[in-house]
Amino acid sequence: MLKKRKEITDEDLYALKVGAMWRYFKHESFAFWMVCAYLFFEYVRPQSIYPAIDFLPWTQLVVLGAIIGSFTDKTIKWVSSPINKLLILFLFVILVSSYFAYFPQVSYNNLDKYYLWVIIYFIIINVVNTRRRFFIFICIFLLASFKLSLSLSITWAQRGFSFTDWGLMGPPGFFQNSGELAIQMLVYWPISWAFISVVRPYTSKRMYYFLMLMPITAIMVILGASSRGAQLALVCQLLAMNYRHVFKPKILVSMGVSFFLIWAFLPEEQKERFETMGDDGTSMQRILYWQNGIEMIEDNPILGVGYFNFAPYFERYYPEDVILGKAELPHNIFIQVGTDVGFLGLLIFIGLIFLSFKTCREFSDQDRSGKRFIIGRCANLSLLGLLISGQFVTVTYYPFIWIHLALVVALVNSERRVSIKTKIAKQYSSR
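Position one of the sequence shown corresponds to residue 24 (the numbering used here), numbered consecutively onward.
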């Protein structure tokens, strides 16, 4: 007699039972496997850590696999969202800006830096379409980020929490530079905090304490990464997280202790960098980028100087303001978008940010009893950290904003499908 396979419940997943999670995962669709594999290859970057396996374009292959697998996954139905329309419209403006750019070839050579995110976004929102799929997807996102935060916080501790010019460095890829690495930690720690709040009732105290290492090590990496913008963003996140209860004695004490520990862990050299902010060579160059970038937008208000044309345009028309050898990108996401695609594209980009904030806030207001509320609120904390730190680095076409938008839409869609199924079940049972 065949033994009946035990049904996997939501509680099994929230309890983080590895066996149950694996049984669920292996019975999922090929498209979902490929989406999860994409997250693994993009965030963990094993192909960069171990050169022996870097003989194939892994991320491109799993994205192609997800697209092919989507045609055989019967659960996939087109997910509509206002964010979809703005993403396509932003792509259209980029194409027009590239055609009329001062240096069109530079624009054409960089088109993949945006349109690939559009493809990945649509794959994620359409494949990660159930609550359980979303939960597994978030688990992989957190595990990949935790691998970075744990190893690098240990590295920082082993060198005595000392300061270095390069801060902390991740594997080759989007998170290799300390500034971009710190932004990933800013995005990751609020989501990990929300995740812990969701699963805490289902897990043991030992597991809870282990999971708390995720936000703790993420904050350690932010402090050790030597990125002033990221550290400023962290403070703003903590203030925004507690602003409603900031005058309660318990919150005041916990925030005071948190800020004291943050300041105590900062190396003296990093504290000195805050004191010289605006006067050192890096700050002066960035100020020149911002000032001249605003002037570029004013002179080319509709479509900017051209997609990814900031650096060559700056070197040609502002050569006297290149004080660090050569012109780079503007180190500000809004100035980058404004110079790339003018006020037209900037309005679309701001619209995407506004819709993300609004969607999470409205979605969280639907259910203040648990999971959805806290994940929605913390998703906005992640975006806040990205936006503040993004005023000092050029990360518009890095995964942060585009993966964040995909997570927001996938979350809303998966929960909406649960609500629809619940209503149908109630109607059927009442007959």
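For every residue, glycine included, the Cβ atom is placed at its ideal position computed from N, Cα and C.
Backbone CA spacing between residue i and residue j [nearest angstrom]
{"i": "leucine 134", "j": "valine 58", "result": "22 Å"}
{"i": "isoleucine 159", "j": "valine 222", "result": "13 Å"}
{"i": "tyrosine 61", "j": "phenylalanine 115", "result": "26 Å"}
{"i": "isoleucine 424", "j": "leucine 409", "result": "8 Å"}
{"i": "alanine 38", "j": "serine 412", "result": "34 Å"}
{"i": "proline 224", "j": "leucine 79", "result": "42 Å"}
{"i": "alanine 263", "j": "leucine 404", "result": "7 Å"}
{"i": "glutamine 260", "j": "leucine 407", "result": "7 Å"}
{"i": "serine 174", "j": "glutamate 203", "result": "16 Å"}
{"i": "asparagine 13", "j": "phenylalanine 184", "result": "Only positions 24 to 454 of the chain appear in the structure, and residue 13 is not among them; the question remains open."}
{"i": "alanine 167", "j": "tyrosine 231", "result": "18 Å"}
{"i": "glutamine 308", "j": "isoleucine 161", "result": "38 Å"}
{"i": "histidine 427", "j": "isoleucine 148", "result": "11 Å"}
{"i": "phenylalanine 123", "j": "glutamate 343", "result": "26 Å"}
{"i": "glutamine 472", "j": "isoleucine 358", "result": "The chain is shown only over 24 to 454; residue 472 falls outside these bounds and no answer can be derived."}
{"i": "aspartate 35", "j": "alanine 43", "result": "6 Å"}
{"i": "threonine 362", "j": "glycine 348", "result": "21 Å"}
{"i": "isoleucine 239", "j": "arginine 154", "result": "27 Å"}
{"i": "aspartate 77", "j": "proline 69", "result": "8 Å"}
Segment limits, alpha helix (DSSP H) that includes residue i
{"i": "isoleucine 142", "result": "135–150"}
{"i": "phenylalanine 113", "result": "105–122"}
{"i": "phenylalanine 55", "result": "53–66"}
{"i": "aspartate 35", "result": "33–37"}
{"i": "alanine 167", "result": "154–181"}
{"i": "alanine 253", "result": "251–265"}
{"i": "glutamine 199", "result": "No alpha helix (DSSP H) holds glutamine 199; DSSP gives it neither H nor E."}
{"i": "leucine 501", "result": "Nothing about residue 501 can be reported from this structure: the residues present for the chain run from 24 to 454 only."}
{"i": "alanine 75", "result": "Taken as a continuous stretch (DSSP letters only), alanine 75 belongs to no alpha helix (DSSP H), as it is neither H nor E."}
{"i": "serine 185", "result": "Premise fails: serine 185 is in no alpha helix (DSSP H) and is neither H nor E."}
{"i": "isoleucine 91", "result": "81–93"}
C-beta contact flag for residue i and residue j at 8 Å
{"i": "valine 432", "j": "serine 220", "result": "no"}
{"i": "glycine 252", "j": "phenylalanine 64", "result": "no"}
{"i": "glutamate 376", "j": "valine 418", "result": "Before going on, a small fix: residue 376 reads as isoleucine here, not glutamate. Contact flag unset, no."}
{"i": "valine 150", "j": "aspartate 96", "result": "yes"}
{"i": "valine 244", "j": "methionine 208", "result": "yes"}
{"i": "isoleucine 177", "j": "tryptophan 212", "result": "no"}
{"i": "cysteine 401", "j": "isoleucine 214", "result": "yes"}
{"i": "phenylalanine 145", "j": "glycine 368", "result": "no"}
{"i": "glycine 374", "j": "leucine 109", "result": "yes"}
{"i": "phenylalanine 218", "j": "leucine 165", "result": "yes"}
{"i": "alanine 334", "j": "leucine 352", "result": "yes"}
Pick from the options that is closest to residue i, judged by C-alpha positions
{"i": "glycine 247", "options": "Leu166, Tyr420, Ala205", "result": "Ala205"}
{"i": "phenylalanine 337", "options": "Glu318, Pro224, Phe377, Leu36", "result": "Glu318"}
{"i": "isoleucine 371", "options": "Leu326, Leu347, Gln414, Ser249", "result": "Leu326"}
{"i": "histidine 50", "options": "Ile117, Arg156, Leu112, Val360", "result": "Arg156"}
{"i": "isoleucine 163", "options": "Asn436, Glu438, Arg439, Leu430", "result": "Leu430"}
{"i": "tyrosine 66", "options": "Trp56, Thr82, Ile76, Pro74", "result": "Thr82"}
{"i": "methionine 237", "options": "Ala256, Val210, Ser249", "result": "Val210"}
{"i": "isoleucine 91", "options": "Tyr125, Leu110, Trp56", "result": "Trp56"}
{"i": "tyrosine 125", "options": "Leu87, Asp77, Ser93, Asn323", "result": "Asn323"}
{"i": "alanine 54", "options": "Gly88, Ala75, Leu84", "result": "Gly88"}
{"i": "proline 422", "options": "Ile111, Arg339, Ile143, Trp179", "result": "Ile143"}
{"i": "histidine 354", "options": "Leu378, Glu438, Thr305, Phe198", "result": "Thr305"}
Integer Cβ distance of residue i from residue j, believed to fall under 8 Å
{"i": "glycine 190", "j": "serine 71", "result": "19 Å between Cβ atoms; not a contact."}
{"i": "glycine 365", "j": "serine 121", "result": "About 12 Å separates the two Cβ atoms, so there is no contact after all."}
{"i": "threonine 98", "j": "asparagine 132", "result": "Not quite, the Cβ-Cβ distance comes to about 38 Å (not below 8 Å), so this is no contact."}
{"i": "tyrosine 341", "j": "tyrosine 137", "result": "That belief does not hold up - the Cβ atoms of tyrosine 341 and tyrosine 137 are roughly 25 Å apart, past 8 Å."}
{"i": "valine 102", "j": "asparagine 436", "result": "5 Å"}
{"i": "valine 119", "j": "asparagine 332", "result": "Rounded, the Cβ-Cβ distance is 13 Å, inconsistent with contact."}
Residue-level contact to chain D via CB, residue i, 8 Å cutoff
{"i": "leucine 311", "result": "Within the model displayed, chain D is absent; a lone protein chain is all it includes."}
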